[in-house]
Ligand code: ADE
Ligand code: ZN
């Protein structure tokens, strides 16, 4: 079975993206255009200069640039344009459903009220649903380098919008910021009917994954790579049928893996874990959904059934209703490997 045939199959399968930071889809071209529109002076003077700076040895190297880039986002229109640009790219990869992380705390530091970002995003989601039948959900991401009081303040600001937010997440600098730091605000989010996800085991140890289960009571695990260092934890994740939102190109760019051939995605599937493929911050890490599939298909010995399973896991692990999940899963079953 050739890689080209497997890539073609992956392209034809309907897919859900469960780990996508909207702000991480800000391409340098749009960053420059928004800097001009909003009269903001950036550290980078050109698209080429920005791209040349996208070399990272660890998560924090990336986060420093990511927060620098998000500065250009100032108006509802900026968030609308950013969301539409991402949705157009995702649609080209046959992504049918997206669960977006967004960072209101990062934007509050620039004085943006909560309503500015979320209104622009929601308008874009409404349009793409009406035009293309693509669906989207929102995950309010708490920044773990800030304290829990700041997360509580953001949850309070989000109160008028909670009927349009599906979940909370936990992202930013992992090491030194264990999940228990956010146990109370996650409990408060759950009381408000929100689903719970957290980044864990990207750079942080298996204990941070265990802490996310025990203290945050997560419904979904973002990354989770380092869980594989602990057989008991793997057994627990398997038992819970916990979805892992794995991000291959991100892992390569942030040196979570040294070489794509060492990526744990195939091992995760072989262990019975519910792994999915996602792009994380595609503007910074070298590509969107299909670029991630291409990278793992070329590097790992994935079968056609592995690929079908990855796409099924993405809908099964989404926050869609059971009926919506069934419809997507049935559509996946109808896609033949060879056309
Ligand atoms: N924020 C945006 N992308 C992230 C990642 N890969 N890990 C942690 N925080 C992030
Ligand atoms: Zn992420």
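Numbering (the working numbering), first residue to last: 616 to 954. Virtual Cβ for every residue (Gly too), placed ideally from N, Cα, C. Given the structure is predicted, the values throughout are model-derived calculations rather than measurements.
At the C-beta level, residue 923 and residue 628 come within 9 Å of one another. Judged by DSSP secondary structure, residue 782 falls within the beta strand (DSSP E) whose first and last residues are 782-786.
Residue 843 and residue 882 do touch by the CB rule: their CB atoms are close to 6 Å apart, below 8 Å.
Per the DSSP secondary-structure output, residue 774 pairs with nothing in a beta bridge. Taking the Cβ of residue 862 as the reference point, at least one heavy atom of ligand 1 falls within a distance shorter than 8 Å.
Using a Cβ distance threshold of 9 Å, residue 906 and residue 880 do not count as a contacting pair. In this structure, DSSP gives residue 938 a helical state, which the three-state scheme calls helix. Looking at 851, 928, 893 and 919, the one whose alpha-carbon comes closest to that of residue 622 is 919. With a 10 Å radius around the Cβ and a threshold of 16 neighbouring Cβ atoms, residue 642 comes out buried. With contacts defined by Cβ atoms closer than 9 Å, residue 808 and residue 777 form a contacting pair. Taking the CA atoms as reference points, residue 773 sits about 33 Å from residue 925. Annotated as distal: residue 694 and residue 640, with beta-carbon spacing of 9 Å or more. When C-beta atoms of the stretch 829-845 are compared with those of the stretch 783-797, three or more pairs fall below 8 Å, so the two segments count as touching. Contact between residue 688 and residue 657 fails: their C-beta atoms lie close to 12 Å from each other, not under 8 Å. Spatial neighbours of residue 927 in its own chain (CB-CB distance under 7 Å, excluding positions within 5 residues in sequence) are listed in chain order as 944 and 947. Collapsing the DSSP output to three states places residue 796 in a helix.
Residue pairing by DSSP places residue 630 opposite 710 in a beta bridge.
Contiguous alpha helix (DSSP H) elements confined to the stretch 832-894 occur at 846-855, 863-868 and 880-885, taking only those with 4 or more residues.
With respect to residue 817, residue 892 sits apart: the two C-beta atoms are not nearer than 9 Å. Checking the 8 Å criterion, the Cβ of residue 716 is within range of a heavy atom belonging to ligand 2. The C-alpha of residue 653 is placed about 38 Å away from the C-alpha of residue 932. Here residue 763 is not near residue 731, since their CB atoms are 9 Å or more apart. C-alpha of residue 902 to C-alpha of residue 908: approximately 10 Å in a straight line. Taking 8 Å as the upper bound for CB-CB distance, residue 638 and residue 696 are not in contact here, some 13 Å apart. With a 10 Å radius around the Cβ and a threshold of 16 neighbouring Cβ atoms, residue 616 comes out exposed. Shown here, residue 947 sits in a helix according to DSSP, grouped into three states. Taking a contact as a CB-CB distance under 8 Å, the pair residue 744 and residue 631 does not count as one, their CB atoms being some 14 Å apart. Between residue 750 and residue 691, the C-beta spacing is not below 9 Å. Membership of residue 758 in any alpha helix (DSSP H) is not indicated; the residue belongs instead to the beta strand (DSSP E) covering 750-758. Residue 949 counts as exposed, since fewer than 16 other C-beta atoms from the protein chains shown sit within 10 angstroms of its C-beta. Around the CB of residue 714, 16 or more other CB atoms lie within 10 Å, so the residue is classed as buried. Taken from the Cβ of residue 896, at least one heavy atom of ligand 2 lies inside 8 Å.
The continuous alpha helix (DSSP H) containing residue 910 extends over residues 904-914. Distance from residue 682 to residue 721 at the Cβ level is roughly 6 Å; contact confirmed, criterion being Cβ atoms closer than 8 Å.
As the crow flies, the alpha-carbon of residue 822 is around 44 Å from that of residue 746.
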